[in-house]
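K.L.:
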Amino acid sequence: MLFHRIGLEGCILLLPPGRRKSAPVCISMDRSGNRHQGAIHVDEASTRLQEFSNPFGVALASDLSSFPTSPRRVLMQYVDDLLLACSDESTCMEATKDLLNHLAEAGYRVSKKKAQICQPTVKYLGFDISHQRRTLREERKQAIIQIPEPKNRRELRGFLGSAGFCRIWIPDYSTIAKPLHESTRGTEKDPFVWGEEQQHAFKDLKKALQQAPALGIPNPEKPFSLFVDEDQGTAKGVLCQNWEAGSSPWHTYLSA
């Protein structure tokens, strides 16, 4: 399995010269994902913007819907980051050329700096993605591990927000972080509680993050197993799927 990661340069649409002088319009989408031009008028400086979020989807997804895929070449999109997964090197090279041509014809520019072409492991959304495995990148873990002890609720919430983003990699996250969440209660005028219990939880959470295991990539065509437990008011679970030799059976650690 090989991967190709493509990042677009700000999702800027390069309008043909004949259209750049036309009346400024914004591209809108309806509930079915169909685009309509002329629905919203915008200023001239905004006419080159192509990618935007809205309640029903994004414009880029519509442009990618006509890109041909198959079980041997799968395309995934997150905002302006594209991930192309292929079964072998020749398929990956062919699909990469097709995708670049497809984007160029639609008016997009690709970032050469972000491109990772035909690699067994690629960086995508802060994770390392490889065949049937996804791991937290070391720089992401170190950025959280190096956060100093918080001195107030605002700093503690910032730490919990960063650590919580990685919670599916941490078994029993809720139990470990419980003393920290309790210290976020109250107003900024109330005394900030930071004692030995919170210090231990702070260190334990960093240690668990440092030891975060690789997680598998789910296969929706294969059966799943969900194991759950309850301990002192905390619900725990792990989603598993052991269907291929060499793949990680653990997909997600759950706790609440």
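Every letter in the sequence shown is one number past the one before it in the UniProt record's numbering, and letter 8, counting from 1, is 8. Glycine residues also receive a C-beta, built at the ideal position from the N, C-alpha and C atoms. All values derive from a computational prediction rather than experimental measurement.
Taking 8 angstroms as the limit between beta carbons, can you name the residues of its chain near residue 256, skipping five residues before and five after?
P.N.:
So the qualifying residues of the chain are 174, 234, 235.
K.L.:
Using the beta-carbon count (16 or more within 10 Å), is residue 78 buried or exposed?
P.N.:
By the 10 Å Cβ count, residue 78 comes out exposed.
K.L.:
With which residues is residue 116 paired in a DSSP beta bridge?
P.N.:
BP columns for residue 116 point to 5.
K.L.:
Please state the DSSP three-state secondary structure of residue 137.
P.N.:
DSSP places residue 137 in coil when its eight states are reduced to three.
K.L.:
Which of the three DSSP states is assigned to residue 31 in this structure?
P.N.:
Summary for residue 31: the model assigns pLDDT 32, below 50, so the residue's position carries little reliability; its value from the coordinates is reported in the next sentence. In this structure, residue 31 counts as coil in the three-state DSSP scheme.
K.L.:
Between which residues of its own chain and residue 65 is the CB-CB distance below 7 angstroms, once the five residues before and five after are set aside?
P.N.:
Same-chain partners within the cutoff: there are none.
K.L.:
Starting from the Cα of residue 114, find the closest Cα among 83, 93, 136 and give me that residue.
P.N.:
For the residues 83, 93, 136, the minimum Cα distance to residue 114 belongs to 83.
K.L.:
Put residue 185 into one of helix, strand or coil per three-state DSSP.
P.N.:
Three-state result, residue 185: coil.
K.L.:
What are the residues that DSSP puts in a beta bridge with residue 252?
P.N.:
Paired residue(s): 239.
K.L.:
Looking at C-alpha atoms only, which residue of 80, 89, 120 is the closest neighbour of residue 110?
P.N.:
Out of 80, 89, 120, 80 has the C-alpha closest to the C-alpha of residue 110.
K.L.:
For residue 67, which option in 90, 239, 94, 87 has the closest C-alpha, if you only look at C-alpha atoms?
P.N.:
Comparing Cα-Cα distances from residue 67 to each of 90, 239, 94, 87, the minimum goes to 94.
K.L.:
Smallest Cα separation from residue 96: which of 251, 213, 188, 6?
P.N.:
Checked all of 251, 213, 188, 6; the closest Cα to residue 96 is 6.
K.L.:
Residue 204 lies in the beta strand (DSSP E); which residues open and close that run?
P.N.:
No beta strand (DSSP E) holds residue 204; the alpha helix (DSSP H) holding it covers 196 to 210.
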